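Structure record follows, encoded as structure tokens.
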Amino acid sequence: MVNQAFKNAMSITTTLTACVRFVKASPSRLGPFSLIDLSLFLALIIAAALGYKYSFLLLPRADLNLAPVAGCDLHTQACPVDMPGGGRIELSITPHPIRVLKPLQVNATMTGIAVNKLEIDFSGVDMDMGYNRQVLVSDGNGHYAGETMLPVCITGRMAWRLSLIIETDRQRIAVPFVFETPGR
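So for the sequence shown, UniProt numbering puts the first residue at 1; every next one is plus one.
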């Protein structure tokens, strides 16, 4: 594995060295479009590197990550969670059972917690499924609701982590729930 990574790195280095030698040796062969293409390519590489380095700003992390909620099946019931420091959350997803590519109604009831913003974030436990975050809307009485849909996984059965992200005046708390969906 390490040997293959070393070979790949050497191959990339050799290719870049050849490109630099070509540009240095024959600047007259490069027309104005070639220089523009090279500049755009380098700008794209720099933008991708900066995007990767600063991606954490787009997806802020929680200050407190709770352990996954155990002993509750979101496929069949609402799941209550007692919060550290007081307060309680109850999360439910309908219809039952939870399926991919079907509209899902997500409801959360908060008691004893002053919430500024409540989001749900679905992520694959074993596979990156991209950005899938939804803001839940408050009715003003501690009840939050939203509608979402899970993407399909080409491998069939999929293990999901739903993180309920609670933003208060003092901190962001992530409460994870783990469940599986069958293939289509």
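Beta carbons are placed, not taken as given, at the ideal position from N, Cα and C, and that holds for glycine.
Since the model is a prediction, treat every value here as computed from it, not as a measurement.
Rounded Cβ spacing between Q134 and T148 (contact assumed at less than 8 angstroms): Translated into the one-based positions of the sequence shown, residue 134 becomes position 134. Translated into the one-based positions of the sequence shown, residue 148 becomes position 148. That pair is a contact at about 5 angstroms.
Whole-Å CB distance - F179 paired with L38, under 8 angstroms assumed: The residue you call residue 179 lines up with position 179 of the sequence shown. The residue you call residue 38 lines up with position 38 of the sequence shown. In fact, because the Cβ distance is near 49 angstroms, the residues do not count as touching under 8 angstroms.
According to DSSP, residues forming a beta bridge with M158: In the sequence shown, counting from the first residue as 1, residue 158 sits at position 158. Looking at the DSSP assignment, M158 forms a beta bridge with T181.
G124 vs M83 beta-carbon contact at 8 angstroms: Against the sequence shown, residue 124 aligns to sequence position 124. Against the sequence shown, residue 83 aligns to sequence position 83. Result no, Cβ atoms of G124 and M83 do not sit closer than 8 angstroms.
Reduced DSSP secondary structure (H/G/I, E/B, other) of E167: Start at 1 with the first residue of the sequence shown, and residue 167 comes out as number 167. Under the three-state reduction of DSSP output, E167 falls in the strand class.
Simplified DSSP state of K102, which is helix, strand or coil: The residue labelled residue 102 in the question sits at position 102 within the sequence shown. It is coil, neither helix nor strand.
Coil, strand or helix - T54 by DSSP: On the sequence shown, residue 54 is found 54 positions in, with the first residue counted as 1. First, the amino acid is wrong: residue 54 is Tyr here, not Thr. Y54 falls in the coil class under three-state DSSP.
Buried or exposed by the 16-neighbour rule on C-beta atoms within 10 Å, applied to S163: Here the question's residue 163 lines up with position 163 in the sequence shown. By the 10 Å Cβ count, S163 comes out buried.
Neighbourhood of M110 by C-beta distance below 6 angstroms, restricted to the same chain and skipping five residues each side: For this step, residue 110 is matched to residue 110 along the sequence shown. Answer for M110: I89 and G142, listed in chain order.
Where L66 falls: helix, strand or coil (DSSP): Walking along the sequence shown from the start, residue 66 turns up at place 66. Coil at L66, not helix or strand.
Beta-bridge partners of Y144, as assigned by DSSP: As a working note, residue 144 is residue 144 in the sequence shown. Answer is A108 and S138, bridged to Y144.
Candidates G51, T155 and L136, of which the one nearest G146 by Cα: In the sequence shown, residue 146 corresponds to position 146, counting from 1. It is L136 whose Cα lies nearest to the Cα of G146.
Residues bridged to I46 (per DSSP): Here residue 46 refers to the residue found at position 46 when the sequence shown is read from its first residue. DSSP output for I46 lists no bridge partner at all.
Which of helix, strand or coil DSSP assigns to V2: Working through the sequence shown from its first residue, we reach residue 2 at position 2. The predicted position of V2 is uncertain, since its pLDDT is 45 and thus under 50; no value can be drawn from it.
Supposed contact pair T168 and V115 - C-beta distance, whole angstroms, cut 8 angstroms: On the sequence shown, residue 115 is found 115 positions in, with the first residue counted as 1. On the sequence shown, residue 168 is found 168 positions in, with the first residue counted as 1. Correct: roughly 6 angstroms between the Cβ atoms.
Strand pairing of D121, partner residues [DSSP]: Indexing the sequence shown from 1 puts residue 121 at position 121. Looking at the DSSP assignment, D121 forms a beta bridge with R133 and S163.
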